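Asker:
Residue numbers (the working numbering): 34 to 148.
#1: How about residue 115: is its Cβ closer than 6 angstroms to a heavy atom in the ligand NAD?
#2: Looking at the unbroken beta strand (DSSP E) that takes in residue 121, where does it start and where does it end?
#3: To which residues of the same chain is residue 49 closer than 7 angstroms at the C-beta, ignoring the five residues directly before and after it?
#4: For residue 128, which of 140, 120 and 122 has the nearest alpha-carbon?
#5: Going by the DSSP bridge assignment, what does residue 91 pair with across the sheet?
#6: Excluding five sequence neighbours on each side, which residues of the same chain lie with their C-beta closer than 7 angstroms to the C-beta of residue 41?
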């Protein structure tokens, strides 16, 4: 059974940094891409950043230049370095892994940025 375990969320002041990590356990084959989504209260879940198996990254415009995604398909881990955090970054952040057959989600980790 595949599980995605996230860590690294918390409370930080505006302008601060956090690093999220996500580690997958269990049998998982043919990872296409790994990414991070977030959902703020009353809003839809949105893609924050994604990294393909070939290392190509994509970010939502609001985090470009501030967030960096990295990953290791062999180790089934993905990270999100978040710098210059803003109150509008406050949300539950979810790890996401897509394989050829399935999509997996983590349980979510809360990130709160105070002004």
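By construction, the Cβ of each residue, glycine as well, lies at the ideal position given by its N, Cα and C atoms. Because the structure is a prediction, the values reported are computed rather than measured.
Answerer: Put simply:
#1: Questions concerning the ligand NAD fall outside what the structure shown contains, since it holds no ligand whatsoever.
#2: The residue given as residue 121 occupies position 88 in the chain shown. Element bounds for residue 121: n/a, residue is neither H nor E.
#3: Here residue 49 refers to the residue found at position 16 when the chain shown is read from its first residue. Within the same chain, residue 49 has close Cβ partners 118.
#4: On the chain shown, residue 128 is found 95 positions in, with the first residue counted as 1. Distance from the Cα of residue 128 is smallest, within the candidate group 140, 120 and 122, for 140.
#5: Here residue 91 refers to the residue found at position 58 of the chain shown. BP columns for residue 91 point to 83.
#6: As a working mapping, residue 41 is identified with position 8 in the chain shown. The residues are 51, 52, 53, 54 and 142.
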